[in-house]
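Enquirer: Residue 571 is where the sequence shown starts when you use the numbering used here, and the numbers rise one by one after that.
Yeah, the Cβ is synthetic: ideal placement off N, Cα and C, and Gly gets one too.
Since the model is a prediction, treat every value here as computed from it, not as a measurement.
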Amino acid sequence: MVMNVSVVIPTYNRKPILEKCLKALEKQTLKNIITDYEIVVIDDGSTDGTSTWIKNNSDILPHVVLYQQEHGGPALGRNLGVMKSKFEIIIFIDSDLIVRDDFIVCHVNKLLSSWKNNKKCFTYGSVINTSNFENPENEMFKLTDVSFAYFATGNVAIAKELLLNVGLFDSSFSLYGWEDLELGERLKKIGTKLVKCPQAVGFHWHPPFDCGQIKSLISVEKDRAKMALLFYKKHSNLRVRFMIQLTPIHNLLWEIICLGGLISINRLFPLLKFLVDSGRNRIALEIVRIPLNLIYVRELRRLI
């Protein structure tokens, strides 16, 4: 069986890392099961010259097909990418993911071997987080890279037919988070199977944490709470409650961990600055996530 692939990538103001992402995808080693692939990039209203760079470098990006839209969020972008795609298999990745040269083949091999009675399954690759911009592929897998998500669009492959049947992404998720997990709930309800594909490795780059990011991180947590509430209104079940941390257990847990708010970002700021100044940015990020999660659960409780 020969199957071809459309890699769908929404992007917004991530030009430097997107360049690495696309160049890595252009180096894919194909085997007999794949004769062609396309890289469908949806520029979600970027203001950093993303589209201009892609157009000016079409000679080194022969597989890239570019579409542009007004800024509307990744759900809208992924939907456009799926509708414009021309092949049978869709691979979703984020625009800050750098992949190995066997990435597409690994997904397709695993997916085809799972298509026995029907196509109600998807493959989920490995995501390794890194702050190494020059050589992200040098990062080793860490305990913090383990994911328990059912369907997350950072690194998945799925039949286009199945996506269309289930209804694509809900574009009302216009802020940060949950649009992929919400689609996952619909996939789960029709019995779609998750197939792990650890061989399909992607290196998820993000800039090293610094204290100047704190304000935007707080804003993201508040946006995440708004989208979590939308998620729960669409799927009011216990599983979603636990996913979005909308339970008394989660409220109590984070209040206890943060001593009722005594452990706050303001109080931690001197420690965070010291860690960043001494090059321990990753430790600082893990520490700041603790009060950030309290901000999230409190905001979610307030919105309810």
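1. What did DSSP end up calling Leu947 once you bin it into helix, strand or coil?
2. Pull up the distance between the alpha-carbon of Ile884 and that of Leu823, whole angstroms please.
3. Locate the alpha helix (DSSP H) running through Gly619, then write down its first and last residues.
4. Look at the alpha carbon of Lys680 and the alpha carbon of Val610, and state the distance between them as a whole number of angstroms.
5. To the nearest angstrom, how far is the alpha carbon of Val575 from that of Asn688?
6. Quick check: Val652 and Phe692, are their CB atoms within less than 8 Å of each other?
7. Give the C-beta separation of Asn699 and His776 to the nearest angstrom, bearing in mind that I take them to be a contact with Cβ-Cβ under 8 Å.
8. Rank Asn821, Lys759, Gly772, Asp750 by C-alpha distance to the C-alpha of Ile801 and give the top, closest one.
9. Is it buried or exposed, Ser696, if we count other Cβ atoms within 10 angstroms and call 16 or more buried?
10. From Arg670 to Asp780, what does the alpha carbon distance come to, in whole angstroms?
11. So, do the region 799 to 813 and the region 835 to 852 have three or more beta carbon pairs nearer to each other than 8 Å?
12. May I ask you to report which of helix, strand or coil DSSP gives Asp847?
13. Below 8 Å, how does it come out for the region 752 to 766 and the region 711 to 731: are there three or more Cβ pairs, yes or no?
14. When you compare only the Cα positions, how much space is there between Arg584 and Gln638?
15. Considering only C-alpha positions, which residue in the set Ala594, Leu841, Ala770, Val572 is nearest to Leu855?
16. How is the beta strand (DSSP E) around Tyr607 delimited, first residue to last?
17. Distance, Cα to Cα, Ala795 vs Tyr866?
18. If you draw a straight line from the alpha carbon of Gln769 to that of Glu707, how long is it in whole angstroms?
19. Going by DSSP in three states, Gln598 sits in which element: helix, strand or coil?
20. Among the candidates Leu838, Val678, Ile857, whose CA atom is the shortest distance from the CA of Ile659?
21. Could you check whether Cys591 and Cys676 sit closer than 8 Å to each other, using their CB atoms as the reference points?
22. Short check: CB of Thr622 to CB of Thr581, under 8 Å?
23. Taking only runs of the alpha helix (DSSP H) that begin and end inside the region 732 to 784, which ones reach a length of at least 4 residues, in chain order?
24. Got a sec? Which residues, its chain only, sit under 6 Å from Gln815 by beta carbon, not counting five neighbours each side?
25. Just to confirm, are Ser684 and Leu588 a CB contact at a threshold of 8 Å?
26. Would you identify the three-state DSSP class for Val578, choosing helix, strand or coil?
27. Where does the unbroken alpha helix (DSSP H) through Phe812 begin, and where does it stop?
28. At the 8 Å Cβ level, is Gly695 part of the contact set with chain D, yes or no?
29. According to DSSP, which residues form a beta bridge with Thr693?
30. Identify whether Leu870 lies in helix, strand or coil by the three-state DSSP scheme.
31. For Lys758, which option in Val810, Leu838, Lys601, Pro644 has the closest C-alpha, if you only look at C-alpha atoms?
Expert: Walking through what the data contain:
1. The structure shown does not extend to residue 947, since the chain spans only 571 to 874, so no value can be given for it.
2. Since the first residue of the chain shown is 571 and the last is 874, residue 884 is not available in this structure.
3. Note, Gly619: premise wrong, no alpha helix (DSSP H); not H, not E.
4. 22 Å
5. 18 Å
6. no
7. Taking the Cβ atoms as the reference, Asn699 lies roughly 7 Å from His776, within the contact range of under 8 Å.
8. The question names Ile, yet the displayed sequence has Phe at residue 801. The residue with the shortest Cα to Cα distance from Phe801 is Asp750.
9. buried
10. 29 Å
11. no
12. DSSP places Asp847 in the helix class (H, G or I) of the three-state scheme.
13. yes
14. Looking at the two C-alpha atoms, the distance is approximately 14 Å.
15. Leu841
16. 607 to 614
17. One C-alpha to the other measures close to 6 Å.
18. 14 Å
19. coil
20. Nearest option by C-alpha distance: Val678.
21. Not in contact: Cys676 and Cys591 (Cβ atoms no closer than 8 Å).
22. no
23. As far as the region 732 to 784 is concerned, its whole alpha helix (DSSP H) runs of at least 4 residues are 749 to 759.
24. Val867
25. no
26. strand
27. 808 to 813
28. No chain D appears in this structure, which consists of one protein chain only.
29. Ala727, Val765
30. helix
31. Val810
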